[in-house]
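What the sequence shown shows, in our numbering, is residues 182 to 691, in sequence order. We put the beta carbon where it would ideally sit given N, CA and C, even for glycine.
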Amino acid sequence: MLFRNPLLLAGLVGVLIPIILHLIRRQAAKPYDWGAMRFLFDTVAARRRRMEWEDFLLMVARCLLIALIVLAVARPFVPPNSGIPWLFVLPLALLGVAAFGGSFVLSSIRWKWVMRVSAILMLLGAGFLIWKEKALNLERYQTSERRDVAMVIDGSTSMLLSQNGQTTFERAVEEAMDFVKDAPKGTAFSIILGGPAPELKTGTPLTHRADVLEVLENLEPVGGAFRAHDALGVATLSLAEGRGSNKDLVVFTDLQRIGWQFDSTTSWANLGDAWEGLPDGAKPRLLLRSFAPPEKLRNVSVTGIEFSRDVVGTDREVAIRISIENTGTEVVTPGLMRVTIGEEELEPKGLGQMASGESSILDYRYQFSRTGPQVIKVALDGNDDLDGDDVAEKAIWVKKTLPVLIVEGNAGASFFQRAGGYISLALAPVSEKEETFVDPRVIDAAALTREKIDNDAVIVLADVTRLPASAAARIADFVINGGGLWVVAGPKLDPSYYNSWSGGDGKLMP
182 MLFRNPLLLA GLVGVLIPII LHLIRRQAAK PYDWGAMRFL FDTVAARRRR MEWEDFLLMV
242 ARCLLIALIV LAVARPFVPP NSGIPWLFVL PLALLGVAAF GGSFVLSSIR WKWVMRVSAI
302 LMLLGAGFLI WKEKALNLER YQTSERRDVA MVIDGSTSML LSQNGQTTFE RAVEEAMDFV
362 KDAPKGTAFS IILGGPAPEL KTGTPLTHRA DVLEVLENLE PVGGAFRAHD ALGVATLSLA
422 EGRGSNKDLV VFTDLQRIGW QFDSTTSWAN LGDAWEGLPD GAKPRLLLRS FAPPEKLRNV
482 SVTGIEFSRD VVGTDREVAI RISIENTGTE VVTPGLMRVT IGEEELEPKG LGQMASGESS
542 ILDYRYQFSR TGPQVIKVAL DGNDDLDGDD VAEKAIWVKK TLPVLIVEGN AGASFFQRAG
602 GYISLALAPV SEKEETFVDP RVIDAAALTR EKIDNDAVIV LADVTRLPAS AAARIADFVI
662 NGGGLWVVAG PKLDPSYYNS WSGGDGKLMP
């Protein structure tokens, strides 16, 4: 039991008021000897015990009345999950007050001190229990060894596989909830839902278990591939916001190989560097809870959609490569694969029989007729146990033109002696009236400081000796923001200048 206004407990000193009044009244009585007094001794001796008992009860009632008023004003309350029952604290304190006040009424010296010592012990016991309750409460919510836990729940399509009437995702959420319930008090949790793009479900780390459990209960699988590296990156950022000295990363997944990017050693090395750079050197522990697939699983999945080039226009065909993999344990013969681009459906293709672990790539060649965002949808008749990964989509932005700015470094020379002229003809070998995908324009190097470059996709520096400081800074920002830069070396180019050209956090040229 604790008190919302503990300072008001000082009012318990008021219990001394009836005790002091009793002592003053008793000291004010003066004995007088008179002859008839001896006839009353027998009567007084008979009534003394009853009168003392009445005074004892009256003193106890007065002291308890004041104590109860003070306790009510201090507003006692029982904290959640209290470890010390209030039925021990409150009766012990009231009995101590009653015994202390009543001891001043008793005539027997022996019983006076027995009552007073008992009262002091009971009051000290009640005070100790209140202090212990407060200490336990502080340990529960303000532990010095606070622990930060980032929980990553795999929400990919493969987690929808059902066993014994329960999907793997449901089992993962259930075990995550048990993990939260069994965690030490004061543990701060972050919840990340993994998928093609990880989602941080908790804005800040949560220490209240009910809030964490509510977030877990509302999780729904998102489908697609589980990008483990990206999810762990988001989890690392959430751990950096925590204040705990111990940090853990807990991943609930079915360990499907797709999305883990084990071949990208650089990405995982960067993630390790991020762990090393967490505040106070609190490198997290990685705990992996893997859910084994069924012993026999028939599953063929669409694992990727790739294009033969990053920049796609309407001027020529582009190759579309669709990857199919048998991720199950059994031989599967999938049906036809259908590809839809916008509202146009391409010719379906078959795959034939696929053994466990076998992968295949189907190629399409397609020339876009419309610019802007286009969506490619792939639907495979998998004839397997998991339908969710038989469908895949990918969006691409089809460009109308690719604006290229060519900066000529030898503008005073004849056309056939200028590098920019040759590059312009190579990129657009047609007359000016004809439209081409690559749209080059050539300017003199001296005009670069005044030229707008925001709408260009690529800047070509054709035998430019060096750049003014303002132009160099603009091009550096252009490259950092995703623009392309092509430096064509010629006899006038100064290699030392380009080798020392810096932008952002380091050198601009490789």
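Ranked by how close their Cα comes to the Cα of Ile198, the residues Pro554, Leu252, Trp234 and Phe285 have Phe285 in first place. A distance below 6 Å between beta-carbons, with the five flanking residues on each side excluded, links Gly485 to the following residues of its chain, in chain order: Ser504. Burial of Asp570 is indicated by the presence of at least 16 other C-beta atoms within 10 angstroms of its C-beta. By a beta-carbon distance limit of 8 Å, Leu310 contacts Val270. Their separation comes to about 5 Å. Of the candidates Leu374, Leu586, Gly563 and Arg185, the residue whose Cα lies closest to the Cα of Gly531 is Gly563. Between the alpha carbons of Phe618 and Ile372 lies a gap of roughly 46 Å.
Taking a C-beta distance under 9 Å as the contact criterion, Pro379 and Gly414 qualify as a contact pair. Judged by DSSP secondary structure, Lys575 falls within the beta strand (DSSP E) whose first and last residues are Val572 to Lys580. Excluding the 5 residues flanking it on each side, Glu398 has same chain C-beta neighbours closer than 8 Å at Val354 and Met358, in chain order. Residue nearest to Gln548 within the set Leu268, Leu567 and Glu525 is Glu525 (criterion: CA-CA distance).
Just so you know, the alpha carbons of Asp644 and Ala592 end up roughly 10 Å apart. Under the 8 Å Cβ criterion, the segment 601-611 counts as touching the segment 583-592, having at least three qualifying pairs.
Taking C-alpha positions only, Lys580 is separated from Ala670 by approximately 29 Å. Less than 9 Å separates the beta-carbon of Arg185 from that of Arg256. In the DSSP assignment, Ser284 falls outside any beta strand (DSSP E), carrying neither H nor E.
Between the alpha carbons of Leu430 and Thr446 lies a gap of roughly 20 Å.
Non-local C-beta neighbours of Trp456 in its own chain, meaning closer than 8 Å and more than five positions away in sequence, comprise Thr417, Lys464 and Pro465, ordered along the chain. Boundaries of the beta strand (DSSP E) harbouring Ala500: Val499 to Asn507, taken from the DSSP string. Rounded to whole angstroms, the separation of the alpha carbons of Glu632 and Ser419 is 43 Å. If you look at Asn427, you'll find it in the beta strand (DSSP E) that goes Asn427 to Thr434. Put simply, of Ala300, Met240, Ile205 and Ala248 the residue whose alpha carbon is nearest the alpha carbon of Val194 is Ala248.
Considering only Gly283, Ala654 and Asp329, the residue with the shortest C-alpha distance to Pro460 is Asp329.
Within the model, the alpha-carbon separation for Leu381 versus Ala409 is close to 14 Å. Gly282 is not a Cβ neighbour of Ile205, given a cutoff of 9 Å.
The shortest CA-to-CA distance from Ala628 to any of Ala652, Gly192 and Gly308 is the one to Ala652.
Where Gly414 is concerned, the enclosing alpha helix (DSSP H) starts and stops at Ala409 to Glu422. In this structure, Glu589 lies away from Ala638, with their beta-carbon atoms at least 9 Å apart.
About 5 Å separates the CB atoms of Leu567 and Leu342; that is less than 8 Å, so the two are in contact. Between the segment 433-453 and the segment 469-488 there are three or more C-beta pairs closer than 8 Å, enough to call the two in contact. C-alpha of Asn680 to C-alpha of Ala600: approximately 21 Å in a straight line. The way I'd put it, the segment 364-371 doesn't touch the segment 291-310; fewer than three beta-carbon pairs between them come closer than 8 Å. Within the DSSP secondary-structure output, Leu543 pairs in a beta bridge with Ile503.
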